[in-house]
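**Student:**
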Amino acid sequence: MQSPRDSHLKAAMHVLRYLKGDPGMGIFLSNSGDYRLRAFCDSNGAACPKTRKSVSGYIVLLGDSPISWKSMKQFTVTLSSAKAGYRSARKVVAELVWLS
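Going by our numbering, 611 is the number at position 12 of the sequence shown; the sequence numbering is gapless.
#1: Identify whether Y657 lies in helix, strand or coil by the three-state DSSP scheme.
#2: Express the C-alpha separation of S606 and T650 in angstroms, rounding to a whole number.
#3: Could you tell me the alpha carbon to alpha carbon distance between M624 and V692, rounded to whole angstroms?
#4: Given a threshold of 16 other Cβ atoms within 10 Å of its Cβ, counted over all protein chains shown, does S642 qualify as buried or as exposed?
#5: What does the alpha-carbon distance come out to for the pair S664 and V676?
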């Protein structure tokens, strides 16, 4: 960071306190021997009744273990549920490119 602020230090300390308080948290990788990357995504068109924006999400699995996941309201209003699905797929593909 080029110009860290006090708020950044507070955020970092918050993360460290969380990790110290719950050392058992982590990602469990099974020993099944299957380490293929698999991804699933979904969206629901116009889920927010106020803004009519879609909500989409994805999960990426390494074998049977989740290693990345996200759920978010899309930034723009889509006119079809298919377009909302394409946007959801685009997000998970970007995550897969980053992971591989």
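Virtual Cβ for every residue (Gly too), placed ideally from N, Cα, C.
**Tutor:** Looking at the coordinates:
#1: When secondary structure is reduced to three states using DSSP, Y657 falls in the strand class.
#2: 31 Å
#3: 27 Å
#4: buried
#5: 33 Å
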